[in-house]
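*Asks:* Numbered continuously in the working numbering, the sequence shown closes out at residue 309.
Virtual Cβ for every residue (Gly too), placed ideally from N, Cα, C.
Everything numeric in this text was worked out from a predicted model, so none of it was measured.
Below are the structure tokens for one structure; questions will follow.
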Amino acid sequence: MASGHTVLMRLVASAYSIAQKAGTIVRRVIAEGDLGIVEKTSPTDLQTKADRLAQMSICSSLARKFPKLTIIGEEDLPSEDVDQELIEDGQWEEILRKPCPAQYSAIKEEDLVVWVDPLDGTKEYTEGLLDNVTVLIGIAYEGKAIAGVINQPYYNYQAGPGAALGRTIWGVLGLGAFGFQLKEVPAGKHIITTTRSHSNKLVTDCVTAMNPDDVLRVGGAGNKIIQLIEGKASAYVFASPGCKKWDTCAPEVILHAVGGKLTDVHGNALQYDKEVKHMNSAGVLASLRNHDYYASRVPESVKNALVP
Ligand code: AMP
Ligand code: MG
Ligand code: MG
2 MASGHTVLMR LVASAYSIAQ KAGTIVRRVI AEGDLGIVEK TSPTDLQTKA
52 DRLAQMSICS SLARKFPKLT IIGEEDLPSE DVDQELIEDG QWEEILRKPC
102 PAQYSAIKEE DLVVWVDPLD GTKEYTEGLL DNVTVLIGIA YEGKAIAGVI
152 NQPYYNYQAG PGAALGRTIW GVLGLGAFGF QLKEVPAGKH IITTTRSHSN
202 KLVTDCVTAM NPDDVLRVGG AGNKIIQLIE GKASAYVFAS PGCKKWDTCA
252 PEVILHAVGG KLTDVHGNAL QYDKEVKHMN SAGVLASLRN HDYYASRVPE
302 SVKNALVP
């Protein structure tokens, strides 16, 4: 270890800077005004120029520094030389000053799998709901999500002049999560956050069964986990296939690092090894506290419809 830092901490420190760079790309594409929208599998499954450029930037920057990593990105892109201007070489020094949890200190580069969602909340991005958007870089070891970075490019964008635009949240299991103030919904209140653009009867049946005091419908898996850790929602309920490993890997780590839990609707942990299927077929159930309560309220009809 020439640098004196572990592979994991060097990777997280680089992923932080790389996610920040991706955030600037996401903002630049809007500012330039040409979103270049492409429909993937349906009218609510979109890709923009920002998704493409951000993924090229993230994956190429990671692969240059860490050539033995397995990197799995959401977008299917032709392999072509990436413009040097998209490459980020920096690393966030504050992360390198933290200790690597002992159980991860001997991890080798080739043992890590990185799940990349270059732009989570694309549908909302195209509709101008900009603070729903996040850039997600999740890191897995032995099938488990262990480290993650979330950049929110438009955090504070409605806060007026003087407010710093954008932020980056990061975390490592056994070390903690940083870049936000942990807050909880008042005890006893059930505020459910769920999809706004990918709903169906199963999703609404499951949300109703939670006996919610309030329901928030917002875009993005990353955004919904931020709502959980900042005390805006108590559970994220998505009883449908559609969400993929790159949507849940980084958010799961941030939530787990502060004592929360993310599972499928059956209460089972998600797997992140490189051979796993990408789709979270049995949905997503996440909460900061009282996971057992939310899992116990999922109707049998919903569980029977969502096979892992
Ligand atoms: P949402 O809560 O609707 O923003 O979804 C969270 C993540 O899962 C986003 O990345 C969505 O693109 C993805 N997702 C959820 N449902 C679907 C679907 N039916 N088709 C494609 N992507 C989906
Ligand atoms: Mg996504
Ligand atoms: Mg995406």
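From the DSSP output, in three-state form, read off lysine 312 for me.
*Replies:* For the chain, the structure presents residues 2 to 309; residue 312 sits outside this window and is missing.
*Asks:* Listed in chain order, which residues are found with a beta carbon closer than 5 Å to a heavy atom of ligand 2?
*Replies:* Asp118, Asp121, Asp248
*Asks:* Considering only the beta carbon of each residue, do alanine 55 and valine 150 sit closer than 8 Å?
*Replies:* no
*Asks:* What number of angstroms, rounded off, separates the C-alpha of lysine 278 from the C-alpha of glutamate 95?
*Replies:* 35 Å
*Asks:* Leaving aside the five residues before and after proline 119 along the sequence, list all residues of the same chain whose C-beta is less than 7 Å from its C-beta, in chain order.
*Replies:* Ala23, Asp52, Ala55, Gln56, Ile59, Gly74, Glu75, Glu76, Val136
*Asks:* Quick check: what's the CA-CA separation for alanine 164 versus tyrosine 158?
*Replies:* 8 Å
*Asks:* Determine the burial state of aspartate 121: buried for a count of at least 16 other Cβ atoms within 10 Å of its Cβ, exposed for fewer.
*Replies:* Aspartate 121 comes out buried.
*Asks:* Between which two residues does the beta strand (DSSP E) holding glutamate 40 run?
*Replies:* That run of the beta strand (DSSP E) goes 39-43.
*Asks:* Can we count threonine 123 as close to ligand 3, meaning its CB is less than 7 Å from some heavy atom?
*Replies:* yes
*Asks:* When burial is assigned at 16 or more other CB atoms within 10 Å of the CB, is glutamate 89 buried or exposed?
*Replies:* buried
*Asks:* Is aspartate 265 a contact residue of ligand 3, with contact defined as CB to any heavy atom under 7 Å?
*Replies:* no
*Asks:* Going straight from the alpha carbon of leucine 47 to that of aspartate 248, what length do you get?
*Replies:* 15 Å
*Asks:* I believe isoleucine 193 touches valine 238 by the beta-carbon criterion, under 8 Å. Please report the beta-carbon distance rounded to the nearest angstrom.
*Replies:* 5 Å
*Asks:* Using the C-alpha atoms, what's the distance from glycine 223 back to threonine 196?
*Replies:* Near 12 Å, if we compare the C-alpha coordinates of glycine 223 and threonine 196.
*Asks:* Can you tell me whether leucine 307 is buried or exposed, with buried defined as 16 or more other CB within 10 angstroms of its CB?
*Replies:* buried
*Asks:* Going by the DSSP bridge assignment, what does isoleucine 72 pair with across the sheet?
*Replies:* Val115
*Asks:* Round the Cβ separation of serine 241 and asparagine 201 to the nearest angstrom and send it over; I've been treating them as touching at under 8 Å.
*Replies:* 6 Å
*Asks:* Alpha carbons only, please: which of Gly221, Leu70, Ile38, Ile230 is nearest the one belonging to tyrosine 142?
*Replies:* Leu70
*Asks:* Keeping to the same chain, check which residues put their C-beta closer than 6 Å to that of arginine 28; ignore five residues upstream and five downstream.
*Replies:* Pro154
*Asks:* Counting along the chain, where does the alpha helix (DSSP H) carrying isoleucine 226 start and finish?
*Replies:* Isoleucine 226 -> alpha helix (DSSP H) spans 222-230.
*Asks:* DSSP on asparagine 305, reduced to helix/strand/coil?
*Replies:* Of the three classes helix, strand and coil, the one that applies to asparagine 305 here is helix, per DSSP.
*Asks:* Tell me whether glutamate 33, by its Cβ, gets closer than 7 Å to a heavy atom of ligand 3.
*Replies:* no
*Asks:* To the nearest angstrom, how far is it from the Cα of serine 61 to the Cα of alanine 236?
*Replies:* Answer to the nearest angstrom: the Cα atoms are 35 Å apart.
*Asks:* Below 8 Å on the Cβ atoms is my contact criterion, and I expect isoleucine 230 with leucine 271 to pass it. Report the Cβ-Cβ distance as a whole number of Å.
*Replies:* About 18 Å separates the two Cβ atoms, so there is no contact after all.
*Asks:* Report yes if the C-beta of aspartate 132 is less than 7 Å from at least one heavy atom of ligand 3; otherwise report no.
*Replies:* Result no, Cβ not under 7 Å from ligand 3.
*Asks:* Tell me, to the nearest whole angstrom, how far the beta carbon of glutamate 253 is from that of alanine 178; I am working on the premise that it is less than 8 Å.
*Replies:* Glutamate 253 to alanine 178, Cβ: 11 Å. No contact.
*Asks:* In its own chain, which residues sit with a C-beta less than 7 Å from the C-beta of isoleucine 26, not counting the 5 before and 5 after it?
*Replies:* Ala51, Leu54, Ala55, Ser58
*Asks:* Here's the rule: buried if 16 or more other CB atoms are within 10 angstroms of the residue's CB, otherwise exposed. What is arginine 11?
*Replies:* buried
*Asks:* On a CA-only basis, which of Gly172, Asn269, Gly261 is nearest proline 102? Give me that one, please.
*Replies:* Proline 102 has its Cα closest to that of Gly172, out of Gly172, Asn269, Gly261.
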